[in-house]
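UniProt numbering numbers the first residue of the sequence shown as 1 and each following residue consecutively.
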Amino acid sequence: MAISLIRSLKLQNGKTWALDFTPQGNKLAIASEDHKIKLVEIESLEKKQFKLVNVLDDTVHKKAVRTVAWRPHSNPPCLAAGSFDTTVSIWSFANNDNAIEDDDDDDDAGAGLEANEMDLMAIIEGHENEIKGIAWSHDGMFLATCSRDKSVWIWETDEMGEDFECVSVLQEHSQDVKDVTWHPSKYLLASSSYDDSVRIWSEFDDDWECVAVLNGHEGTVWCSDFAKDNSEETRLCSASDDSTVRVWKCVEEEPDGQQQWICESVLPKAHERQIYSVSWSDDGLIASTGSDGSIVVYKESAPAVWEVVETRKLAHTVYEVNEIKWIKVNGRNILVTAGDDGCINVWDFQVLLSQ
1 MAISLIRSLK
11 LQNGKTWALD
21 FTPQGNKLAI
31 ASEDHKIKLV
41 EIESLEKKQF
51 KLVNVLDDTV
61 HKKAVRTVAW
71 RPHSNPPCLA
81 AGSFDTTVSI
91 WSFANNDNAI
101 EDDDDDDDAG
111 AGLEANEMDL
121 MAIIEGHENE
131 IKGIAWSHDG
141 MFLATCSRDK
151 SVWIWETDEM
161 GEDFECVSVL
171 QEHSQDVKDV
181 TWHPSKYLLA
191 SSSYDDSVRI
201 WSEFDDDWEC
211 VAVLNGHEGT
221 VWCSDFAKDN
231 SEETRLCSAS
241 DDSTVRVWKC
251 VEEEPDGQQQ
261 WICESVLPKA
271 HERQIYSVSW
281 SDDGLIASTG
291 SDGSIVVYKE
301 SAPAVWEVVE
311 TRKLAHTVYE
321 VNEIKWIKVN
331 GRNILVTAGD
341 DGCINVWDFQ
351 VLLSQ
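Set out below in structure tokens:
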């Protein structure tokens with residue numbers, strides 16, 4: 001089977017909502033229904049060894065933690081967490097030396113909670129309703145947050161991630177905003193909404209403005225992700241309540257900053273119900289998951305022509321899957337999923353790539 005389970009980590013009884021890896025790829029942050037943020041370290045992928053190394057202070061958030069995101073190029077690594085209590089917490093490792101050790105340095109593996117202790121650096125407030133998504137820009141300068149209050153906020157921060165200034169509040173969505181994601185190398189932001197659209201935002205003349213609206217889905221757009229193939233083309237995939245994944249392409253940028261986008265592809269329909277999460281790997285594969293509990297992986301066999309290359313049903317038994325992400329560990333493509341069963345499942349995709 002192309003998608004094989006490496007390890008299932010049962011960390012709680014309630015839902016696991018979201019996950020994110022450190023830029024180094026050795027630690028995983030998990031957002032959960034029990035108000036807690038958990039840190040798991042990959043000790044050895046080959047030996048299937050994973051270790052829960054910290055549970056961050058569960059008194060900080062009064063409701064479920066919905067989303068987590070590690071800041072790029074941050075030393076020591078810095079973590080943002082968004083909650084249903086309307087706030088975002090910012091955390092940083094207290095021990096600089098141990099926090100950024102290489103994966104293969106086993107001498108500190110037993111340091112446990114002490115080596116992986118994180119300090120609360122800031123609490124960001126402003127949204128009127130629960131936080132649904134957060135994302136850092138490629139250089140870590142900006143943090144985008146979105147909420148059930150129908151708005152997207154953009155925050156600028158300092159090098160240490162201690163001070164945050166709101167530089168823009170974007171309120172053009174007509175319904176709650178489910179997700180935000182940044183382009184991997186540009187100040188270009190996509191937001192997905194209950195109003196069935198994706199909006200593209202960019203900075204122009206020192207102001208953030210909507211430069212494109214992507215319409216076509218026939219239901220809530222839960223998630224989107226930019227292509228990471230380093231080409232000059234700007235492409236985005238999106239996942240929706242209408243059980244489809246679409247690929248969009250920017251075909252023109254006008255002098256006033258406005259952009260023209262087209263729906264380049266509607267991927268083969270492989271899900272039976274809503275698709276909650278989609279992830280685009282750095283070598284061009286798209287993975288999706290959702291309320292039917294399936295993992296589907298797509299490959300572009302020709303320009304704008306996609307095919308389903310593998311499906312894994314019941315990825316979390318009978319439970320819905322809330323998020324999926326690609327991570328490359330030692331050259332291997334790994335998929336990680338978060339489910340309503342309280343589990344984080346780690347999947348190997350190496351078999352397919354070797355065929």
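The beta carbon of each residue, even a glycine, is placed where N, CA and C say it ideally should be.
Keep in mind the model is a prediction, meaning the values are calculated, not measured.
At the level of alpha carbons, what is the spacing between residue i and residue j?
i	j	result
residue 292	residue 77	34 Å
residue 270	residue 296	7 Å
residue 129	residue 84	7 Å
residue 17	residue 11	12 Å
residue 15	residue 216	31 Å
residue 349	residue 278	16 Å
residue 330	residue 171	42 Å
residue 404	residue 197	Here the chain covers residues 1 to 355 and nothing more, so residue 404 does not appear.
residue 341	residue 314	12 Å
residue 332	residue 47	14 Å
residue 320	residue 75	35 Å
residue 302	residue 166	42 Å
residue 337	residue 316	9 Å
residue 214	residue 246	10 Å
residue 123	residue 287	33 Å
residue 158	residue 73	13 Å
residue 231	residue 343	35 Å
residue 164	residue 127	14 Å
residue 304	residue 233	12 Å
residue 156	residue 254	26 Å
residue 334	residue 31	19 Å
residue 66	residue 205	33 Å
residue 186	residue 324	23 Å
residue 140	residue 24	15 Å
residue 312	residue 50	23 Å
residue 328	residue 299	17 Å
Which residues in the same chain as residue i place their Cβ atom closer than 7 Å to its Cβ, once the five residues preceding and following it in sequence are excluded?
i	result
residue 310	2, 3, 297, 352
residue 219	196, 240, 241, 242
residue 148	129, 130, 132, 176
residue 135	69, 144, 180, 181, 182
residue 104	With a pLDDT of 41 at residue 104, under the threshold of 50, the modelled position of this residue cannot be trusted; read the value that follows with caution. Closer than 7 Å at Cβ, skipping near neighbours: no residue.
residue 263	216, 246, 248
Do residue i and residue j have their C-beta atoms closer together than 7 Å?
i	j	result
residue 280	residue 228	yes
residue 137	residue 208	no
residue 150	residue 176	yes
residue 53	residue 43	no
residue 261	residue 190	no
residue 250	residue 258	no
residue 8	residue 345	yes
residue 5	residue 248	no
residue 161	residue 121	yes
residue 144	residue 131	no
residue 326	residue 276	no
residue 60	residue 89	yes
residue 184	residue 142	no
residue 188	residue 202	yes
residue 125	residue 87	yes
residue 268	residue 318	no
Kindly indicate the opening and closing residues of the beta strand (DSSP E) around residue i.
i	result
residue 66	65-70
residue 259	259-266
residue 349	From DSSP, residue 349 is part of no beta strand (DSSP E); its letter is neither H nor E.
residue 215	Run containing residue 215: none; DSSP gives neither H nor E here.
residue 177	177-182
residue 31	27-32
residue 16	16-21
residue 145	142-147
residue 42	37-44
residue 276	275-280
residue 89	88-93
residue 316	315-318
residue 221	221-226
residue 53	49-55
Suppose the cutoff is 6 Å on Cβ atoms and the five residues either side in sequence are ignored; what does the same chain contact list for residue i look like?
i	result
residue 20	29, 68, 69, 70
residue 224	181, 190, 192, 198, 236, 238
residue 173	150, 193, 195
residue 266	244, 246
Taking DSSP's pairing of strands, which residues face residue i in a bridge?
i	result
residue 333	328
residue 298	286, 308
residue 246	238, 266
residue 345	8, 337
residue 165	156
residue 189	182, 201
residue 82	67, 88
residue 293	Paired residue(s): none; residue 293 is not in a bridge.
residue 120	91
Which residues in the same chain have their Cβ closer than 8 Å to the Cβ of residue i, if we skip the five residues on either side of it in sequence?
i	result
residue 63	35, 83, 84, 85, 130
residue 118	39, 54, 56, 79, 91, 92, 93, 94
residue 272	243, 292, 294
residue 27	21, 39, 40, 41, 42, 53, 77, 116
The ligand NAD heavy atoms versus the CB of residue i: any closer than 6 Å?
i	result
residue 228	No copy of the ligand NAD occurs in the structure displayed, which carries no ligand at all.
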